[in-house]
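Scroll down for the structure; my scribbles are underneath it.
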Amino acid sequence: MKKLLYQLDTDALPAVFDNVVGYDGGADHITAYGGITPANVGPLVDGAIFTRAPKDKKHTALFVGGSNMADGEAVLKAVRKKFFSGFRVSVMLDSNGSNTTAAAAVAWLGHGRPLQGKRAVVLAGTGPVGQRAAVMLAREGCRVAITSRSLERAQASRAAIQTRFGVEIEAIEAVDNSGRARALEGAHVVLAAGAAGAALLDEGAWADNPSLELLADANATPPLGIAGIDMMDKGAQRHGKTVFGAIGFGALKIALHRACIARMFEQNDLVLDCDEIHAIAKAMVG
877 MKKLLYQLDT DALPAVFDNV VGYDGGADHI TAYGGITPAN VGPLVDGAIF
927 TRAPKDKKHT ALFVGGSNMA DGEAVLKAVR KKFFSGFRVS VMLDSNGSNT
977 TAAAAVAWLG HGRPLQGKRA VVLAGTGPVG QRAAVMLARE GCRVAITSRS
1027 LERAQASRAA IQTRFGVEIE AIEAVDNSGR ARALEGAHVV LAAGAAGAAL
1077 LDEGAWADNP SLELLADANA TPPLGIAGID MMDKGAQRHG KTVFGAIGFG
1127 ALKIALHRAC IARMFEQNDL VLDCDEIHAI AKAMVG
């Protein structure tokens, strides 16, 4: 029986990236829909859950994507509301690659070392990747702060994280390099999650920071988010600190995305979101 994946994208044009990785993850056929909202997703879910016999439902799966995480979460909620009894299929949420990217970065940051009790700062942490990374770091026992150029935006993201996941984080306004350097005082872990090509921290702002131990930069588009880190770094030592670049942990991100797709075709009741994808990433790095 064919493994059918339905790509439900909240953007007008479904992401080619997610489509390619879906095939590489084991889907035999992918149908991609754009412009998906909670209001129009219902009939698509009905088509997925009512067509195959119970033993065959694991061969149908749903992937929720798009660039806006809040929109993706709303669609996921609407999808799950349609499920009942055995009438369900596995579903994965990865808006803007937020879950898989954040999970890969945090899994490598925590590989072989405890993060419990450490202070972690997510620079530009109000976007999809930053918010998910903040949650995962908090789940690892870190005291987490997110920064933004706007305190109002940082506080709104903090509230959204607390409401959705029940974790407490700190919101910090940091409008420039010096403000972000101050935010790192006393921090042990920093993850940069800014937009592509957005330089967040110069090398001098972290090289001599006495408390910093671990750094990761999710930006692979020059200029990088954290100057002095190479995008290929994978546990490299720089200025006495362990650092990861976007390509360095990006191989895990791609492998993780593929692995999640493959798992959805093993059973019909998986819901792969932040915590579930984080757990799979940790298992993949050992």
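Just remember that our numbering sits 876 ahead of the position in the sequence shown, which is counted from 1. All residues carry an ideal CB built from backbone N, CA and C; glycine is no exception. Please read these numbers as outputs of a predicted model, since none were measured by experiment.
query                                                                                                                                               : result
Are there 16 or more other CB atoms within 10 angstroms of the CB of residue 1035, so buried, or fewer, so exposed?                                 : exposed
Against chain D, does residue 1119 count as a neighbour if the rule is that its beta carbon must be under 9 Å from one of theirs?                   : Reference to chain D is not applicable here, since this structure consists of a single protein chain.
Residue range of the beta strand (DSSP E) that residue 884 falls in?                                                                                : 880-885
Would you mind sorting residue 1115 into buried or exposed? The rule is 16 or more other CB atoms within 10 Å of its CB.                            : exposed
Is there contact here, the region 1109-1127 with the region 959-975, by at least three beta-carbon pairs under 8 Å?                                 : no
What is the rounded straight-line gap between the Cα of residue 1104 and the Cα of residue 1090?                                                    : 13 Å
Would residue 903 and residue 881 be called neighbours here (beta carbons separated by less than 9 Å)?                                              : yes
Output yes or no for whether 9 Å exceeds the beta carbon distance between residue 981 and residue 1125.                                             : yes
So, with DSSP's three-state summary, where would you put residue 1107?                                                                              : coil
Going by DSSP in three states, residue 925 sits in which element: helix, strand or coil?                                                            : helix
Which whole runs of the beta strand (DSSP E) in the region 934-997 are 3 residues long or more, in chain order?                                     : 936-941 and 966-969
Skipping 5 residues on each side, what residues in its chain have a beta carbon closer than 7 Å to that of residue 1052?                            : none
Roughly how many angstroms separate the alpha carbons of residue 937 and residue 948, rounded to a whole number?                                    : 16 Å
Beta-carbon within less than 8 Å of residue 932's beta-carbon, same chain only, minus the 5 sequence neighbours each way: which residues are those? : 877
Just the C-alpha distance for residue 887 and residue 1063, rounded to the nearest angstrom, thanks.                                                : 36 Å
What residue from 1004, 969, 1002 and 1016 has the CA that sits closest to residue 987's CA?                                                        : 1016
How far does the beta strand (DSSP E) with residue 1054 in it extend, from its first residue to its last?                                           : Unbroken run through residue 1054 is the alpha helix (DSSP H), 1053-1059; no beta strand (DSSP E).
Spell out the partners DSSP gives residue 1120 in its beta bridges.                                                                                 : 1092 and 1110
Where does residue 1019 fall in DSSP's three states?                                                                                                : strand
Which value, in whole angstroms, describes the spacing of the CA atoms of residue 994 and residue 929?                                              : 49 Å
Can you check which of these residues, 959, 1094 and 1020, is closest to residue 1076 by C-alpha distance?                                          : 1094
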